[in-house]
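Going left to right, the sequence shown walks through residues 13 to 292 as the working numbering numbers them. Structure, as structure tokens:
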Amino acid sequence: MSEDNENLELILNLQLQIAAGMKLQSDVIDFLKKIKDWGKREWYYICALDRMPLETLDDMEKKKYSVAKIRKTRQDFLIRSYSSLDAVNQEVERLKKEAEEVFEESRNIRNTIMDNLETALEKQAAAQEETIRTKDSIIEMLQKQIEKLEAEREEGKEYQGAYLGRTPQAIPLPIIPSNESDNKKVFKGNGGEEAGKKTGVLEDGRRAWTAWCRQRDVKHFVDRYIKGQDLSDEQKDFLLDCLESGMKPADVAELAAPGLSLDVMERLKKLKFKGKGEEK
Numbered sequence: 013m014s015e016d017n018e019n020l021e022l023i024l025n026l027q028l029q030i031a032a033g034m035k036l037q038s039d040v041i042d043f044l045k046k047i048k049d050w051g052k053r054e055w056y057y058i059c060a061l062d063r064m065p066l067e068t069l070d071d072m073e074k075k076k077y078s079v080a081k082i083r084k085t086r087q088d089f090l091i092r093s094y095s096s097l098d099a100v101n102q103e104v105e106r107l108k109k110e111a112e113e114v115f116e117e118s119r120n121i122r123n124t125i126m127d128n129l130e131t132a133l134e135k136q137a138a139a140q141e142e143t144i145r146t147k148d149s150i151i152e153m154l155q156k157q158i159e160k161l162e163a164e165r166e167e168g169k170e171y172q173g174a175y176l177g178r179t180p181q182a183i184p185l186p187i188i189p190s191n192e193s194d195n196k197k198v199f200k201g202n203g204g205e206e207a208g209k210k211t212g213v214l215e216d217g218r219r220a221w222t223a224w225c226r227q228r229d230v231k232h233f234v235d236r237y238i239k240g241q242d243l244s245d246e247q248k249d250f251l252l253d254c255l256e257s258g259m260k261p262a263d264v265a266e267l268a269a270p271g272l273s274l275d276v277m278e279r280l281k282k283l284k285f286k287g288k289g290e291e292k
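And the structure:
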């Protein structure tokens, strides 16, 4: 009998050593020391390893649970624990899936924005190229007009020199008569038909001289403002429109200020036309 007691004591001590080796809390080990039934102690030890609270262990001991009931209580505890963990895992998976969907949507939006931005930049570049081509065409057209006027001026000078024997600057300005009778007197006093021919040539010279002056002014204007870098393409287009409408280069030059907006330039243009109308 004493040998059985010694074996039982040895088992109880071994259980406590195993519990200490498994790093169970000291209050749990103290609880196990109080349990003399090594079978129940073994199951209490297993419940403690499953992280069953000490309060539950103590409650089962106070209610004198049998080994079978302790095992049933442990089983219910594990079901509740792992069921709760499974719900957490499901929630984590759900959040992970939502995050992946949000990431995919963000990537699609980013790709759409980049595609639209690239298209917009291509359209803007094409529009700028078209504007440059249009501006170059206008400049080329003005240059051709200048060359044409220069050729006409040279032809006018040769024509006047051939018939008058002198340059247009040496021709005296005739008195323009106010009526037909005075016209006859003037032509009669100036040599009749010959004076009329000279007057016609002089008018041709005046037109040629005026055209040459304008094409010279236009050329200077283009070299200074259109080919320069101070004005924007929109401002240059506006100034070219003014020249094409018949404005004098000197008047257009008054509008060619880099700091002026197109709206201000348009208003100044209207004021200049209005002022000229009042002068008339």
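Idealized CB from N, CA, C, for every residue including glycine. Values in this document were obtained by computation on a predicted structure and should not be read as measured data.
Three-state secondary structure (DSSP) of K35: Within the sequence shown, numbered from 1, the residue matching residue 35 stands at position 23. Here K35 sits in coil by DSSP.
Where P189 falls, given that 16 or more other Cβ within 10 Å makes a residue buried: On the sequence shown, position 177 is the one that residue 189 refers to. Low confidence applies to P189: its pLDDT is 45, below 50, so where it sits in the model is not reliable enough to give any reading.
Expected contact under 8 Å - CB spacing of V230 and L154 to nearest Å: Translated into the one-based positions of the sequence shown, residue 230 becomes position 218. Translated into the one-based positions of the sequence shown, residue 154 becomes position 142. Correct: roughly 6 Å between the Cβ atoms.
Distance between beta carbons of D249 and K147, contact taken as under 8 Å: What you label residue 147 is simply residue 135 of the sequence shown in a count that begins at 1. What you label residue 249 is simply residue 237 of the sequence shown in a count that begins at 1. Yes, K147 and D249 are in contact; Cβ-Cβ is about 7 Å, under 8 Å.
Selection from D39, D253 and E266 that minimises the alpha carbon distance to P65: Numbered from 1 along the sequence shown, position 53 holds the residue referred to as residue 65. The candidate whose alpha carbon is nearest that of P65 is D39.
Check whether Q27 and W55 have beta carbons under 8 Å apart: Indexing the sequence shown from 1 puts residue 27 at position 15. Indexing the sequence shown from 1 puts residue 55 at position 43. No; because the gap between Cβ atoms is not below 8 Å, this pair is not in contact.
For L280 and C254, the rounded distance between their alpha carbons: Within the sequence shown, the letter at position 242 stands for residue 254. Within the sequence shown, the letter at position 268 stands for residue 280. Each residue's Cα considered, the two are about 12 Å apart.
Within 8 Å, strictly: CB atoms of C59 and I82: Looking up residue 59 in the sequence shown gives position 47. Looking up residue 82 in the sequence shown gives position 70. Yes, the Cβ-Cβ distance between C59 and I82 is below 8 Å.
Exposed unless 16 or more other CB atoms sit within 10 angstroms - verdict on Q37: Your numbering for residue 37 matches position 25 in the sequence shown. It counts as exposed.
T143 beta carbon less than 8 Å from that of D242: Locating residue 242 in the sequence shown gives position 230, counting from the first residue. Locating residue 143 in the sequence shown gives position 131, counting from the first residue. No, they are not a contact pair.
Rounded separation between I47 and R63 - CA only: The residue labelled residue 47 in the question sits at position 35 within the sequence shown. The residue labelled residue 63 in the question sits at position 51 within the sequence shown. Cα to Cα, the separation comes out at about 18 Å.
K45 to E103 span [Cα, whole Å]: Translated into the one-based positions of the sequence shown, residue 45 becomes position 33. Translated into the one-based positions of the sequence shown, residue 103 becomes position 91. So the two alpha carbons sit approximately 41 Å from each other.
8 Å contact criterion, which L9 and F43 should meet: CB distance rounded: Outside the shown range of the chain (13 to 292) lies residue 9, about which nothing can therefore be said.
Exposure label - R92; buried when at least 16 CB within 10 Å: Here residue 92 is taken as the residue at index 80 of the sequence shown, counted from 1. Classification of R92: exposed, given that the 10 Å Cβ count is below 16.
Span separating the alpha-carbon of P261 from that of L129: One-based indexing of the sequence shown puts residue 261 at position 249. One-based indexing of the sequence shown puts residue 129 at position 117. Between P261 and L129, the C-alpha separation is close to 41 Å.
Residue span of the alpha helix (DSSP H) that contains V264, given as start and end: Counting from one through the sequence shown, the residue named residue 264 turns up at place 252. First-last of the alpha helix (DSSP H) with V264: P261 to A265.
Backbone CA spacing between T222 and I238 [nearest angstrom]: The residue you call residue 222 lines up with position 210 of the sequence shown. The residue you call residue 238 lines up with position 226 of the sequence shown. The alpha-carbon atoms of T222 and I238 are separated by roughly 23 Å.
Supposed close pair F233, A269 - CB separation, criterion 8 Å: Walking along the sequence shown from the start, residue 233 turns up at place 221. Walking along the sequence shown from the start, residue 269 turns up at place 257. At roughly 14 Å, the Cβ-Cβ gap does not stay under 8 Å, so F233 and A269 are not in contact.
Coarse secondary structure for A132, derived from DSSP in three states: In the sequence shown, residue 132 corresponds to position 120, counting from 1. Here A132 sits in helix by DSSP.
Limits of the alpha helix (DSSP H) - the one that L255 falls within: Here residue 255 refers to the residue found at position 243 of the sequence shown. Where L255 is concerned, the enclosing alpha helix (DSSP H) stretches over D245 to E256.
For L161, the nearest candidate out of W224, R86, L61 and T85 (CA to CA): Within the sequence shown, the letter at position 149 stands for residue 161. For the residues W224, R86, L61 and T85, the minimum Cα distance to L161 belongs to W224.
Check whether L272 and I150 have beta carbons under 8 Å apart: Numbered from 1 along the sequence shown, position 260 holds the residue referred to as residue 272. Numbered from 1 along the sequence shown, position 138 holds the residue referred to as residue 150. Not closer than 8 Å, so no.
Helix, strand or coil at S78 according to DSSP, with G and I counted as helix: As a working note, residue 78 is residue 66 in the sequence shown. Residue state, collapsed to three classes: coil.
Whole-Å CB distance - I158 paired with Q227, under 8 Å assumed: As a first step, residue 158 is located in the sequence shown; it is residue number 146 there, counting from the start. As a first step, residue 227 is located in the sequence shown; it is residue number 215 there, counting from the start. Right, the Cβ-Cβ distance comes to about 4 Å (below 8 Å), so this counts as a contact.
Of the listed residues N120, A32, D275 and E73, nearest to L61 (C-alpha basis): Walking along the sequence shown from the start, residue 61 turns up at place 49. The candidate whose alpha carbon is nearest that of L61 is A32.
Proximity winner among E112, F285 and E116, relative to M259 (alpha-carbon distances): Locating residue 259 in the sequence shown gives position 247, where the first residue counts as 1. Nearest option by C-alpha distance: F285.
A132 versus E152: straight-line alpha-carbon distance, rounded: The residue given as residue 132 occupies position 120 in the sequence shown. The residue given as residue 152 occupies position 140 in the sequence shown. If you take the alpha carbons of A132 and E152, they lie about 30 Å apart.
F199 - DSSP class collapsed to helix/strand/coil: Counting from 1 along the sequence shown, the entry for residue 199 is found at position 187. With a pLDDT of 43 at F199, under the threshold of 50, the modelled position of that residue is not reliable, and the figure given next carries that caveat. If DSSP states are grouped into helix, strand and coil, F199 belongs with the helices.
Buried or exposed by the 16-neighbour rule on C-beta atoms within 10 Å, applied to R165: As a working mapping, residue 165 is identified with position 153 in the sequence shown. Buried, because 16 or more other Cβ atoms sit within 10 Å of the Cβ of R165.
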